[in-house]
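Below: the structure, in structure tokens.
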Amino acid sequence: MAVTVTGYGGVGEIGGNKFLLEDGETRLFLDFGTAFGRQQRFFNEYLRPRAARGLLDLLALGLIPPLEGLYRDDLVFAGLWRRFSGGRHYRALRRDDGRPAVDAVFISHAHLDHNGDLSYLDANVPIYSTRVTAFIARAMQVSGASSFERELIYTNPRRPSKSGELQADTKANYRLRPWAFLDGELGEEGRAFWERSCASRKQLDCPPQHPGRLESVTFRWWPVDHSVPGAAAFAFETAAGWLAYSGDIRFHGQQGQLTETLAKELARLQPRVLLCEGTHLGSDVPVTEQQVIDNALPLVRQAAGRLVVADFGPRNVERLQSFLALAQATGRRLLVSTKDIYLLEAMSLADPVAFAAPCSLPELGLYSDPKAALRPWEEELRRRWAGRTSSPEDVSRSPGDYILCFSLWDANDLLDLEGVEGGIYLYSNSRAYDEEQAVDLQRLRNWVHHMQLTLYGDPDDASAVPLHASGHAPGPALLQFVREVRPQVLVPIHTEDPSWWEVQLAGTGIEVAIPQMGRPIALA
Ligand SMILES: [Zn+2]
1 MAVTVTGYGG
11 VGEIGGNKFL
21 LEDGETRLFL
31 DFGTAFGRQQ
41 RFFNEYLRPR
51 AARGLLDLLA
61 LGLIPPLEGL
71 YRDDLVFAGL
81 WRRFSGGRHY
91 RALRRDDGRP
101 AVDAVFISHA
111 HLDHNGDLSY
121 LDANVPIYST
131 RVTAFIARAM
141 QVSGASSFER
151 ELIYTNPRRP
161 SKSGELQADT
171 KANYRLRPWA
181 FLDGELGEEG
191 RAFWERSCAS
201 RKQLDCPPQH
211 PGRLESVTFR
221 WWPVDHSVPG
231 AAAFAFETAA
241 GWLAYSGDIR
251 FHGQQGQLTE
261 TLAKELARLQ
271 PRVLLCEGTH
281 LGSDVPVTEQ
291 QVIDNALPLV
301 RQAAGRLVVA
311 DFGPRNVERL
321 QSFLALAQAT
331 GRRLLVSTKD
341 IYLLEAMSLA
351 DPVAFAAPCS
361 LPELGLYSDP
371 KAALRPWEEE
381 LRRRWAGRTS
391 SPEDVSRSPG
401 DYILCFSLWD
411 ANDLLDLEGV
421 EGGIYLYSNS
431 RAYDEEQAVD
441 LQRLRNWVHH
451 MQLTLYGDPD
461 DASAVPLHAS
471 GHAPGPALLQ
481 FVREVRPQVL
491 VPIHTEDPSW
501 WEVQLAGTGI
511 EVAIPQMGRP
521 IALA
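So this is what it looks like as structure tokens:
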């Protein structure tokens, strides 16, 4: 039986992972992410794909692969596929027997470069992930801007208007995707959140939520260390042997031992193939999460009586936990947004054993930034957190009592504060990877300077004390990982430098198969 793996994203690029594994009749996608690098060549914050034209813009620009039958029918207008059938990478995947074009999509973790294009996927395809990965995506959809690009968990069905544009169907309910949780069943409250929460008061239709056992393939999964909780790696038993998929991994976070266990367990499977990420092949010794805490602690201590602002990624919960620890050590309260609390609550509903309910964390508080209008979920959350809320006036009165979690996107809110000059701004993010990010970083410096705060952790300042630990293992750690797993074939993914592996693995007996976009790699 033919076994192939085909890369439709994450091939020679960082993120946008979409790998189609085919074993006889069985078809699985490993991740279904957005290729931000390619997307940014055409779009920015204001110039977006047009929802009224469904999949047209994305297909025409090569941002999603032309695989007919794989996507939501309600995003396809009459005649759309005529433009793409027969074109580069085109394939008709639709099955005659009414089953979805693929049997399942496995999502490794809740970063958009791994799950973002689920929005366009046929809503009948079962998705497999950990509970936390699913619930983080759910929180992102509910608390984020509503857009057809972010219908990760439930879809807002569209239908053509008289003139042919695709419009949201006001009569149709939202539709929940069938989701299988790898790490066990939801509790009662978790189930209620999963089946009810949505962004507006529209109803939610729930198809059977137990897609059942994936009969056609045996697979295993492991939790791994990455910069978002709930991350996983997978392995599938094919007719050609085991195929393993790393997702995004590191060894230097607080859960590094998970990835070490993964290496041992994968080695035992003696895999035929390993698809391994390579985001930071060029870096050497990583900054650990513990070093971030150790570096930030004296800065927060020295800022006694003054405001501390902490700037880190929105779903970097480990960093949030690090700043909670810093708040505890320095007797401050960590103020976060409604979105942050909503995310933490969702994680705790997904897995109450691993994640404490945010209301049980005494150092955590809600910052009530002035807003013209609150959405229903925000109103409800603010009501519940009323006793733990701090206003701009509270912070202005006593800035030394707080660590305020802000980023460039909240910069205007700094203007509500008075008497915070002399405070510190801890930039706890990665360096700028493109021009747009570099411009944003300069904007941030301007804001910090304007507010008379002192910036720490500036990634462009070589002498700055590092305040960020990457989500990705550096080259030497990945090399050690691959040598330990010892696959027959290594497929480099999620990297701009796949040939690095050929050099490093020369003479080890591990063959390197560099994937090409849309071209199947035959395994048997
Ligand atoms: Zn990634």
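Numbered per our numbering, the sequence shown spans residues 1 to 524. Just so it is clear, CB atoms sit at the ideal spot from N, CA and C, and this is done for glycine as well.
| According to the Cβ coordinates, are Val309 and Ile153 closer than 9 Å? | No, these two residues do not count as a Cβ contact at 9 Å.
Ala92 - partner residues in DSSP beta bridges:
Note: Ala92 sits in a beta bridge opposite Glu68.
- Message: What would DSSP say about Asp122, mapped onto helix, strand or coil?
- Response: It is coil, neither helix nor strand.
Q) According to DSSP, which residues form a beta bridge with His449? A) The beta-bridge partner set that DSSP reports for His449 is empty.
Quiz item: Mind checking whether Gly278 and Trp500 have CB atoms under 9 Å apart?
Solution: Taking 9 Å as the Cβ cut-off, Gly278 and Trp500 qualify as a contacting pair.
Going by DSSP, what residue range makes up the beta strand (DSSP E) through Arg315? No residue range can be given for Arg315, since it is assigned to no beta strand (DSSP E) and is classified by DSSP as neither H nor E.
- What whole-angstrom Cβ distance do Leu28 and Val217 have, given they're in contact under 8 Å? The pair is a contact, with the Cβ atoms about 7 Å apart (cut-off 8 Å).
* To do: Tell me the start and end of each unbroken alpha helix (DSSP H) in the region 237-312 that is at least 4 residues and wholly inside, in chain order.
  => As summarised for the region 237-312, the continuous alpha helix (DSSP H) elements at least 4 residues long and confined to that stretch are 256-269 and 289-302, given in chain order.
(Q) Less than 7 Å between C-beta atoms, sequence neighbours within five positions excluded: which residues of the same chain meet that for Ala139? (A) Within the same chain, Ala139 has close Cβ partners Tyr342, Leu343 and Ala346.
Practice item. Using only the heavy atoms of ligand 2, determine whether one of them is closer than 8 Å to the beta carbon of Glu277. Key: Judged by which ligands are present, ligand 2 is missing from the structure shown, whose ligands are ligand 1.
Which residues have a Cβ closer than 6 Å to any heavy atom of ligand 1, listed in chain order?
-> Those satisfying the condition are, in chain order, Gly15, His111, Asp113, His114, Asp248 and His494.
**Study point:** Minimum C-alpha distance to Met1 - residue among Pro498, Glu25, Ser283 and Pro476
**Key:** Distances from the alpha-carbon of Met1 to those of Pro498, Glu25, Ser283 and Pro476 put Glu25 closest.
**Report entry** Where Glu436 sits in the DSSP three-state scheme
**Finding:** In the three-state reduction of the DSSP assignment, Glu436 falls in the helix class.
Check your understanding: Can you find at least 3 beta carbon pairs, one from the region 241-259 and one from the region 219-227, that sit closer than 8 Å?
Key -> Taking 8 Å as the limit for Cβ pairs, the verdict is that the region 219-227 does touch the region 241-259.
Using C-beta distances below 6 Å, list every residue in its chain close to Leu334, excluding the 5 sequence neighbours before and after it, in chain order. Here the set comprises Phe323, Leu324, Ala327, Glu363, Leu364 and Ile403.
Q) What's the gap between the Cα of Gly282 and the Cα of Ile493? A) Ile493 has its alpha-carbon roughly 15 Å from the corresponding atom of Gly282.
Practice item. With DSSP as the reference, label Thr218 as helix, strand or coil. Key: Reduced to three states, the DSSP call for Thr218 is strand.
Starting from Phe526, follow its DSSP beta bridges and name the residues at the other end.
Because residue 526 is not part of the residues shown, which for the chain are 1 to 524, the question remains open.
By how many angstroms is the C-alpha of Leu467 removed from the C-alpha of Leu414?
Straight-line Cα distance between these residues: approximately 21 Å.
Pro498 and Gly12 closer than 9 Å at C-beta: Result yes, Cβ atoms of Pro498 and Gly12 sit closer than 9 Å.
Count Cβ pairs between the region 473-488 and the region 266-274 that sit closer than 8 Å; are there 3 or more?
Under the Cβ criterion (8 Å, minimum of three pairs), the region 473-488 counts as touching the region 266-274.
* To do: Using only alpha-carbon positions, find the residue among Gly86, Arg383, Leu176 and Ala411 that is nearest to Gln141.
  => Nearest to Gln141 by C-alpha distance, out of Gly86, Arg383, Leu176 and Ala411, is Leu176.
Met517 versus Gln40 - alpha carbon distance: In a straight line, the C-alpha of Met517 is about 18 Å away from that of Gln40.
Best match in Ala372, Ala329, Glu265 and His226 for proximity to Asp294 [C-alpha to C-alpha]
Nearest to Asp294 by alpha-carbon distance, out of Ala372, Ala329, Glu265 and His226, is Ala329.
- Span separating the alpha-carbon of Arg201 from that of Ala267: So the two alpha carbons sit approximately 49 Å from each other.
Exercise for review: Taking Ala60 and Phe148 to be in contact with their CB atoms under 8 Å, please state how far apart those CB atoms are, rounded to whole angstroms.
Suggested key: Not a contact, Cβ separation roughly 16 Å.
**OP:** Rounded to whole angstroms, what's the CA-CA distance from Gly164 to Phe77? Just pull it up for me.
**Re:** Each residue's Cα considered, the two are about 7 Å apart.
Q. Hey, Gly47 and Arg131 are a contact pair by Cβ (cut 8 Å); roughly how many whole angstroms apart?
A. Looking at the sequence provided, one finds Leu at residue 47 rather than Gly. The Cβ separation is near 36 Å, so there is no contact.
To which residues does DSSP link Leu505 through a beta bridge?
Answer is none; Leu505 lacks a bridge partner.
So, are the CB atoms of Tyr456 and Leu349 less than 9 Å apart?
No, they are not a contact pair.
For Phe19, three-class secondary structure by DSSP
Correct three-state label for Phe19: strand.
What number of angstroms, rounded off, separates the C-alpha of Arg191 from the C-alpha of Phe135?
-> Roughly 11 Å between the two C-alpha positions.
Please report the straight-line C-alpha distance between Leu269 and Trp242, rounded to a whole angstrom. C-alpha separation (whole angstroms): 7 Å.
**Prompt:** Roughly how many angstroms separate the alpha carbons of Thr238 and Val3, rounded to a whole number?
**Reply:** Near 7 Å, if we compare the C-alpha coordinates of Val3 and Thr238.
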